[in-house]
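**Q**
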Amino acid sequence: MKNDPRVRYTQSVIENALISLLKTKPLEKITVKEICEMAMINRSTFYKHYQDCYDLAERLKQRALYEFMETLQGMKEGEATEMITALLEKMRENSDLFHTLGRHEGEQNFINTLAVSCFAYMNEQIDVLKKMDLDESGKKMVSSYVTGGSAALIEYWLRTGCTQPAREIAAMMISMSNALMQNLPEFI
């Protein structure tokens, strides 16, 4: 049933309605009625697919996270810049979704959740932290710091309309991370 084109179309118009409404108001102020009016569907149709607005938003986030991880896992072990560029391109393709979900109260951790998941996977693949002479706690702190900074840079990039090329942002993230790693012995 999920692969039925009519189901995919219905879910798509419902999702697009939520994304449009999120541009003007926070999730907690959006009603199922508003989504249905914008999507031009009946409430019963909405409830066939979602429990409420929060369920819809959560499924959007989960799908985005799944697609991100699928993109990462589909890549061969390689250069971090290539991996980050691919992720940023995916974000650019869905910038409306990421920007609107990332900017609302209660949803601010969305970009950070994506960044943490992606960087955790990348750290396993790239082995940068494994080579450092740090205990587990130190490695987690460095990883958190790099991930937080990267998430903030991604949020800025989305907020400014993704005007800079994804490769440039990826290179900047790598440069800043490398600068931290090179100077880390001074701080520990």
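Using the working numbering, the letters of the sequence shown correspond one by one to residues 433 to 620.
Just so it is clear, CB atoms sit at the ideal spot from N, CA and C, and this is done for glycine as well.
Among the residues of its own chain, which have a CB less than 6 angstroms from the CB of C468, if the five just before and after it don't count?
**A** Against the sequence shown, residue 468 aligns to sequence position 36. Closer than 6 angstroms at the Cβ level, and outside the excluded window around C468, lie R475 and F478.
**Q** In or out: K465 buried (at least 16 other Cβ within 10 Å) or exposed?
**A** Position 33 of the sequence shown, counted from the start, is the residue given in the question as residue 465. K465 comes out exposed.
**Q** Beta-carbon separation of H531 and L585 under 7 angstroms?
**A** As a position in the sequence shown, residue 531 is number 99, starting the count at 1. As a position in the sequence shown, residue 585 is number 153, starting the count at 1. Not in contact: H531 and L585 (Cβ atoms no closer than 7 angstroms).
**Q** Quick one: is Y588 buried, meaning 16 or more other Cβ sit within 10 Å of its Cβ, or exposed?
**A** Taking the sequence shown and counting its residues from 1, the one referred to as residue 588 is at position 156. Exposed, because fewer than 16 other Cβ atoms sit within 10 Å of the Cβ of Y588.
**Q** Got a sec? Which residues, its chain only, sit under 7 angstroms from A449 by beta carbon, not counting five neighbours each side?
**A** By one-based count along the sequence shown, residue 449 stands at place 17. Contacts found: I467, M470 and A471.
**Q** According to DSSP, is I606 helix, strand or coil?
**A** Residue numbering aside, residue 606 sits at position 174 when the sequence shown is read from its first letter. In this structure, I606 counts as helix in the three-state DSSP scheme.
**Q** By the three-class DSSP mapping on this structure, what secondary structure does C485 have?
**A** On the sequence shown, position 53 is the one that residue 485 refers to. The answer is helix: DSSP assigns C485 an H, G or I state.
**Q** Do you know offhand how far A518's Cα is from I462's?
**A** Here residue 518 refers to the residue found at position 86 when the sequence shown is read from its first residue. Here residue 462 refers to the residue found at position 30 when the sequence shown is read from its first residue. If you take the alpha carbons of A518 and I462, they lie about 32 angstroms apart.
**Q** Relative to the alpha-carbon of E525, which residue among I606, C594 and A512 has its alpha-carbon at the smallest distance?
**A** The count along the sequence shown starts at 1 and reaches residue 525 at position 93. Taking only the C-alpha atoms, the option nearest E525 is C594.
**Q** With a 10 Å radius around its C-beta and 16 neighbouring C-beta atoms as the bar for buried, classify Q483 as buried or exposed.
**A** In the sequence shown, the residue the question calls residue 483 occupies position 51. Looking at its Cβ environment, which holds fewer than 16 other Cβ atoms inside 10 Å, Q483 is exposed.
**Q** K522: buried (16+ other C-beta within 10 angstroms of its C-beta) or exposed?
**A** Taking the first residue of the sequence shown as 1, we reach residue 522 at position 90. Buried, because 16 or more other Cβ atoms sit within 10 Å of the Cβ of K522.
**Q** For the ligand MN, is there any heavy atom lying closer than 6 angstroms to the beta carbon of K457?
**A** You won't find the ligand MN in this model; it holds no ligand whatsoever.
**Q** Compute the Euclidean distance between the alpha carbons of E514 and E600, then round it to the nearest angstrom.
**A** As a position in the sequence shown, residue 514 is number 82, starting the count at 1. As a position in the sequence shown, residue 600 is number 168, starting the count at 1. If I take the Cα positions, the gap works out to 11 angstroms.
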